[in-house]
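In full-length UniProt numbering, the protein residues as written are 1 to 618. Cβ atoms here follow ideal geometry from the backbone N, Cα and C, with glycine treated the same way.
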């Protein structure tokens, strides 16, 4: 056997001369010497073995493979030609199958052995029609191996080749899976009907292309025939629904360009592709639909439960998608579903309260009504919503660790700001001074700003610490109780940064004003990013309403609503917006006023006789 592996003809010749009976020996896997010679492509050794015992050509190993299978796997076309010439029962040898029902042609197709497949097809073209135990034809196997040459050999044979694959698939399904345009082109020229064949799930090749997102192949198949785009699988999904589910915008563009009525197709639940895109949070597709004038019906289409895409967006609590839909004036806000709820009532849930409130006030600000049912009928409905207890329990778990983290942050700021109040920059005056024990830098504007900022930071952090104790109460809704704590800690942290910048400034200003100004400007720049994110929600709400209503409509809406309902955000009303605006002004003033003071004094030093200087600095 070792000589057969190495191809040592002389050593094997000696064994064959003296012990011909050893040819009957096999390995642990049941492979004979002829199997091994075919595996390694040793033509001379194979000829020698067959000259001693031709019956080995029909021998099987443990997986029921013949030496012809091994030669096909190795791509040994010379050995295949030799086996064909020596076979006593040629058709039986060529049609022999292994334990999975695969012929030698299956093996050659799987391995992409072009020469081997050519010889086998020349000997028996009918091999192309044999499928294995899994329903796989040689053509399907050749497509999966991406061998265009073997595909051409099989479909160009005198005999009709099978295109079957597993689970009812065809060779064109396989071409869609591997995304091969060349093989697809050959298959379409051979059998155009393959575009309509469905597998065991009811999927056409277009379904697979819609999932992979290859719009070039999609265009290739649509040029052949557009009718398969209307075929739905056994779940009612058409290719456009699959593309929407997977977020394949390029596929949707191709389908719409060929079939403009694609938007009217619905799945088994009556949902169009926009419903599905919202369900799977595909924001790019939602944005595309909102900008396209063709999809007016799609934007307001209802499913079997009467829900529009906006209903689903509100229920999914996706703020970006809700904004995209609200900005579009063709989206109707007050469509009522079969439960008697419109979009504003669909977000009336106790779980994730801050986000629900934000969406609710977006809808109300845009002019949505509260539905066709009496409000008292809806009053206790949220308490009996299916799955609400589980949702609230998950939210409770989310907030469980929040008090500990917030308490650590607030106490840390309390400690730092308290210590800063008794560790003044510049030190203290001597006891023999008129104001002995007072800070040396007292009276300077920047020092006064430092004291004010440190005091405010200490006050906010203490308030946050006390509020954490209140947050432990189960009486208060968890999503409400932590919002003020976050605001207090955020302002305390920002004011602590301001106090630090002012302390550095007051020490460095006499030595280097450029460095001192830089120390004020850098914290302002970095913390402004945080402030912009912190105040993002109210401004986002204003932008959404402005894009839908316009500035004039926005103004009329503000006049029509009560003042405290104009910009409600999260768990707060208009005071949330005004308070954050006040924080922005306050924080900017802490940095900008000292800089203005420095520039003013510098100006007065160079313009000593100016009336403005005498007014401000005497």
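Contact check for residue 99 against residue 64 passes: the beta carbons are separated by less than 7 Å. DSSP, reduced to helix, strand and coil, places residue 161 outside both helices and strands of the structure shown, so it counts as coil. Looking at the backbone, the Cα of residue 525 and that of residue 497 are separated by about 12 Å. Within the same chain, Cβ atoms closer than 8 Å to the Cβ of residue 325 are found at 286, 290, 299, 309, 310, 313 and 331, the five residues on either side in sequence being excluded. Counting the other Cβ atoms within 10 Å of the Cβ of residue 302 gives 16 or more, which makes it buried.
Looking at 195, 38, 231 and 271, the one whose alpha-carbon comes closest to that of residue 217 is 195. Bounds of the alpha helix (DSSP H) holding residue 325 are 319-327. Residue 80 sits buried, since 16 or more C-beta atoms from the chains shown fall within 10 Å of its C-beta. When rounded, the separation of the alpha-carbon atoms in residue 163 and residue 191 is 10 Å. Comparing C-alpha distances from residue 87 to each of 113, 58 and 75 shows the shortest one belongs to 58. In this structure, residue 138 places its C-beta atom within 7 Å of the C-beta atom of residue 106. Straight through space, the alpha carbons of residue 219 and residue 261 are spaced by roughly 17 Å.
A residue is called buried when at least 16 other Cβ atoms come within 10 angstroms of its Cβ; residue 103 meets this threshold and is buried.
Between residue 94 and residue 120 the beta-carbon gap is near 7 Å, inside 8 Å, which marks them as a contact. Taking a contact to require three or more Cβ pairs closer than 8 Å, the segment 141-148 and the segment 123-131 do not qualify as touching. Apart from the 5 residues on each side of it in sequence, residue 177 sits with its Cβ closer than 8 Å to the Cβ of 144, 208 and 212 in its chain, given in chain order. In this structure, DSSP gives residue 293 a state outside helix and strand, which the three-state scheme calls coil. Residue 244 is a Cβ neighbour of residue 273, given a cutoff of 7 Å. Closest in C-alpha terms to residue 224, from the list 111, 187 and 495, comes 187. DSSP links residue 170 through a beta bridge to 164.
At a cut-off of 4 residues, the continuous stretches assigned as alpha helix (DSSP H) that sit fully inside the segment 128-156 are 138-144 and 148-155. In the DSSP assignment, residue 259 falls outside any alpha helix (DSSP H), carrying neither H nor E.
Shown here, residue 62 sits in coil according to DSSP, grouped into three states, outside any helix or strand. Under the three-state reduction of DSSP, residue 30 is assigned to coil, being neither helix nor strand. Of the candidates 342, 415 and 165, the residue whose Cα lies closest to the Cα of residue 457 is 415.
Taking C-alpha positions only, residue 247 is separated from residue 283 by approximately 8 Å. Boundaries of the alpha helix (DSSP H) around residue 315: 309-316.
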